[in-house]
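J.: All residue numbers for the sequence shown refer to our numbering, where the first residue is 107 and numbers rise by one.
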Amino acid sequence: MGEKPLFARGSKYRGQPIVLSEVGGFLAVPTELPPEKRDLLYQFYDSFKTPEELAGKYRDLMRGISSLKFLAGFCYTQLTDIEQEIKAVDVRPRAEGEPRVYR
Numbered sequence: 107m108g109e110k111p112l113f114a115r116g117s118k119y120r121g122q123p124i125v126l127s128e129v130g131g132f133l134a135v136p137t138e139l140p141p142e143k144r145d146l147l148y149q150f151y152d153s154f155k156t157p158e159e160l161a162g163k164y165r166d167l168m169r170g171i172s173s174l175k176f177l178a179g180f181c182y183t184q185l186t187d188i189e190q191e192i193k194a195v196d197v198r199p200r201a202e203g204e205p206r207v208y209r
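(1) Can you tell me whether DSSP reads S153 as helix, strand or coil?
(2) What is the rounded straight-line gap between the Cα of L112 and the Cα of E142?
(3) Count the other CB atoms within 10 Å of the CB of G121; is the residue buried (16 or more) or exposed (fewer)?
(4) Kindly indicate which residue of Y148, G131 and E109 has the alpha-carbon position closest to the one of L220.
(5) Here's the rule I'm using: 16 or more other beta-carbon atoms within 10 Å means buried, otherwise exposed. How should L133 be labelled?
(6) By Cβ distance below 6 Å, which residues in the same chain neighbour S153 in space, the five residues on each side in sequence not counted?
(7) Around the Cβ of L177, are there at least 16 other Cβ atoms within 10 angstroms (buried) or fewer (exposed)?
(8) Apart from the five residues on each side of it in sequence, which residues of its chain come closer than 6 Å, Cβ to Cβ, to K155?
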């Protein structure tokens, strides 16, 4: 791996809290689509085929994160799918038309 600076020039680590600001985002493999028709994200993100496989990957990720004693926290992102990315929890059916307003 290359040497990528973690701090801006002139700055250094002085005990500041370290947070993983985006962790997760496993993709559910769509069984109805052949690999050549899937989104390019499937080449870069980790994916799963069964709920048990997702649970195992999530468990391994949480164990890895919990072993990092220097971390102050983390944010697991995109547990559910979003408009252009299919994630772990399917929130279909999506209604067509105007978006709902939640109050």
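Ideal placement from N, C-alpha and C gives every residue a C-beta, glycine not left out. Since the model is a prediction, treat every value here as computed from it, not as a measurement.
T.: So, from the data block:
(1) When DSSP states are grouped into helix, strand and coil, S153 belongs to the strand group.
(2) If you take the alpha carbons of L112 and E142, they lie about 37 Å apart.
(3) So G121 ends up on the exposed side.
(4) Since the displayed the chain opens at 107 and closes at 209, residue 220 lies outside it and no answer follows.
(5) Classification of L133: buried, given that the 10 Å Cβ count is 16 or more.
(6) L133 and V135, listed in sequence order.
(7) Result: exposed.
(8) In chain order, V135 place their CB closer than 6 Å to the CB of K155, counting only its own chain and leaving out the 5 sequence neighbours on each side.
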